[in-house]
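K.L.:
Right, I'll just put the structure down here and ask away after.
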Amino acid sequence: MVEGATVAGGTALWTVMNMTNPNHARLRVLFLSCVSMGVGAFIGSVIGTLPILPIVVVGAVAFVAGLLVVASLPVAMIGMQSLVAILFLQSFARDPLHAFFQTALVFTGALLAFLLEMLLSPWRRTGAERKMLSLFFKRLAEMAGATDDNLEMHNKMVRAALVQSQAILLDRDDHRPRGRALFALYGEAERMRLLLIVLHRLRQELRETPSESKEGIAALEQLLQELSRKLQSVSQHLILGPGALRREEEAGQLRSNENIEMIFSQAQQWQATSSETQALFQNILAYVQRVIRLLYRIECLTQTWRYPDPVVLAEYTLHHHSAWAEFYNVQAILRANFTFRSTAFRHAIRLGVTLALTTALYHLPGWPIGGGYWISFTAFAILKPDFNTTLTRSVSRLVGTLGGVILATVLLVTLKPTPEMLVLIVAIAAYITLASFFVNYALYSAWITIAAVCLFALVTPHPLTNVFDRTINTLIGGALAFGMFLIWPTWEHMQLSPNMVARVETLRKHFLAVMEAYIQPDTSHIERVVSRHREARLAYSNVEASLERITHEPSALHFNTVRAQGLLEALNSISLNILALEGYQLNDVVLPSAMQDQLRFFVKEVDTTLQRLSQTLATAQPETISCAGLDAALHALTESETSARSSQEPSAAEQSFLVKEAEQIVRTIDIISQLLPTDDLEREAVTA
């Protein structure tokens, strides 16, 4: 019974549930977690017999595990598994030989769970990727059919789906035809997003023309609605089961583009009385035609992932994801965060000190409460880098544990379960525990308490005593963890300025990369633009998450979140302008040399202004951002565009679109300059 419970305990400790990663990456993380837990179990079993060493080792390992949070979720989970094993097993001290056998039993439990995961993996080899891509195309469909009133909301939803898809698709190195098809779909979906941004911009411009363009607007709306339906069909196709897929293919629903081509032909027949409106509408139709071609490529790829077609895949480059490169990237991230300015570093110190303290507490001679490792485990589970998560986890852990204790007591007293019944209860409780992990932390805490109590009831003579001990230890661990955070807190508003600076800098570099493609169209800029695009997207996610955490802190009462939110929204507006310009360049726009010279002057002024903005945010020194140079550069750009339109140059439509986006960028930068504090007193009021 003891050996069986030890194996079951190994399975229970192995709770790395990073199930959103690609299949091969998930299996790699799960296997490394088995190894990490085995090593931690052996270390914990051996050091438990020594007086001071458990305190030192737990503190050191907790520091490393806390710092790994900044690297990536899989790496952090591997480190946490080793820490969890040490926390539990150092209370079951053994000599080295018996520690080895105990570790072998724990590792066996984890390995059994891993083998079951491997048995299931062939049936969901591309499940995570297809799920995220399906969501991405669903959001694109909603964006295509959106009106100007709710376009911003849909754009945010598309951005969120894009970030999730990127996290999944870039974390794979699958060169098989299906893997290549899914990665190619991700790339085409990104291009579709850019083209949709351009089309919505052009639709807005068309609406600003005289009322005689109503028929043209109606034709464009009809095209966008049909495009929305086609993208929705792609989304559904990616997650269809075999039976539903056959029915769809028999009906020819996926690659039947007759409707959208017919609507496009009808739109081509519309003629505007104004030559300027007619030129704008023809420019719109040129982009619609590009969207239709892109849609056909997407539909081909959607079928290719199921039925590989080497001809279709030949034009798409392979994506290389190196595990060694990822390892060295983790090293660089950890070195960069080895400073007190880093939230992760401060969290790592706080976690190490807290767990060393809790370990020392229940190792005191004559400590009256059994199962002291629950103090350390509760502190570890609760203590997080930010105030809101630490607080909510403290409350949820307390409520869940008390609820689990009450239910476990009722089960043990009323049922007086046999070992067979206890095994069944443990199995049910373990299932509900893991199923509820991402749903509700209080529910998770309740069921893990029931599972632990019933598992220990198999091998201990006084299960109700264990119930009481678990409750007291949870209260002590929660109080210590929350107290340590209050003693040395990490307030998120202190991290907002660096995150905002990163947002401005990545936007500036993204803007320069996109505009370089206009100024020097003969040079290939695709890889650089894509790289800058991803960096800007990551910086945006960091600022948004930072602002969200600030709203839950007590310090938010003294922090001007309205001003910070306004600054972020203004930067997002510039980001949309850059994305529109990036999407417009997909049509291989070539500007005349005169326009390129004026554009180079404008780009230099925007670059200089954004650098000044970045320095202002970084140094926290009040400064007025002057837009005089920007206005002069914009005026020269506008005069060049007016001259091209009056002389009816072939690139007049492209120049007009570019100037309108430039005007919006200048207006937004002017708004940003007004949002910045202009004196020391105001700066102190904002950052207090």
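Quick note: the sequence shown uses our numbering, first residue 3, plus one each step. Ideal Cβ placement from N, Cα and C applies to all residues, glycine included.
#1: Is the beta carbon of Val165 sitting closer than 7 angstroms to the one on Ser533?
#2: Are Gly50 and Ala358 close, meaning C-beta to C-beta below 7 angstroms?
#3: Let's test the definition: count the other Cβ atoms within 10 Å of the Cβ of Pro244 and tell me whether it reaches 16, buried, or not, exposed.
#4: Taking only runs that begin and end inside the stretch 127-155, name each unbroken alpha helix (DSSP H) of 4 or more residues, in chain order.
#5: So is Asn501 buried or exposed if we call it buried at 16+ other beta carbons inside 10 Å?
#6: For Phe33, which three-state DSSP category applies?
#7: How big is the Cα-Cα spacing for Gln613 and Tyr433?
#8: Under a three-way DSSP split, which group does Ile241 fall into?
#9: Using 8 angstroms as the Cβ pair cut-off and three pairs as the minimum, do the stretch 205-225 and the stretch 299-313 touch?
#10: Can you look up Pro463 in the DSSP assignment and give me helix, strand or coil?
#11: Going by beta-carbon coordinates alone, are Ile576 and Leu678 separated by less than 7 angstroms?
#12: What residue range does the alpha helix (DSSP H) around Asp609 cover?
#13: Would you call Val313 buried or exposed, if buried means 16 or more other Cβ atoms sit within 10 Å of its Cβ?
#14: If we call anything under 7 angstroms between Cβ atoms a contact, is Leu225 one with Ile265?
#15: Could you tell me which whole alpha helix (DSSP H) segments of length 4 or greater appear in the stretch 401-436?
#16: Do you know how far the Cα of Thr476 is from the Cα of Val59?
#17: On the three-state DSSP scale, how would you describe Met3?
#18: Assuming contact is defined by CB atoms lying nearer than 7 angstroms, are Ala743 and Ala566 in contact in what I supplied?
#19: Given this structure, state the Cα-to-Cα distance separating Arg539 from Ile452, to the nearest angstrom.
#20: Can you tell me which of Ile521, Ala547 and His637 puts its alpha carbon nearest to the alpha carbon of Asp599?
#21: Determine the extent of the alpha helix (DSSP H) in which Gly373 is found, giving its start and end residues.
#22: In whole angstroms, what separates the C-alpha of Ser123 from that of Arg231?
#23: In three-state terms, what does DSSP make of Cys629?
#24: Could you tell me whether the stretch 543-553 touches the stretch 489-497, where touching means 3 or more Cβ pairs closer than 8 angstroms?
#25: Just verifying my parser: in three-state terms, what is the DSSP assignment at Asp471?
#26: Report the CB separation of Phe139 from Val290 in whole angstroms; it is logged as a contact under 8 angstroms.
#27: Out of curiosity, what's the CA-to-CA distance linking Gly11 and Val425?
#28: What does the Cβ neighbour count give for Asn442, buried or exposed, with the cut at 16 atoms within 10 Å?
#29: For Gln273, count neighbouring Cβ atoms within 10 angstroms of its own Cβ and tell me buried if that reaches 16, exposed if not.
#30: Closest to Met597 by CA distance: which of Ala646, Glu260 and Phe340 is it?
#31: Does the contact criterion of 3 or more C-beta pairs under 8 angstroms hold for the stretch 370-379 versus the stretch 389-398?
#32: For Ser447, count neighbouring C-beta atoms within 10 Å of its own C-beta (all shown protein chains included) and say buried if the count is 16 or more, exposed if not.
#33: Name the two residues that bound the continuous alpha helix (DSSP H) containing Tyr364.
#34: Counting Cβ pairs, one atom from each stretch, are 3 or more of them under 8 angstroms apart for the stretch 186-201 and the stretch 128-148?
#35: By alpha-carbon positions, which one of Leu198, Gly46 and Phe33 ends up nearest to Thr361?
#36: Gln83 to Ala572, Cα distance in whole Å?
P.N.:
In terms of the structure at hand:
#1: no
#2: no
#3: With a pLDDT of 49 at Pro244, under the threshold of 50, the predicted position of this residue should be treated as unreliable, though the coordinate-derived value follows. It is exposed - the Cβ of Pro244 has fewer than 16 other Cβ atoms within 10 Å.
#4: 129-146
#5: buried
#6: helix
#7: 53 angstroms
#8: coil
#9: no
#10: coil
#11: no
#12: Ser595 to Thr621
#13: exposed
#14: yes
#15: none
#16: 22 angstroms
#17: coil
#18: Within the shown structure, residues of the chain are numbered from 3 to 690, placing residue 743 beyond reach of any answer.
#19: 42 angstroms
#20: Ile521
#21: Note, Gly373: premise wrong, no alpha helix (DSSP H); not H, not E.
#22: 33 angstroms
#23: coil
#24: yes
#25: helix
#26: About 18 angstroms; that fails the 8 angstroms criterion.
#27: 12 angstroms
#28: exposed
#29: exposed
#30: Ala646
#31: no
#32: buried
#33: Thr345 to Tyr364
#34: yes
#35: Gly46
#36: 42 angstroms
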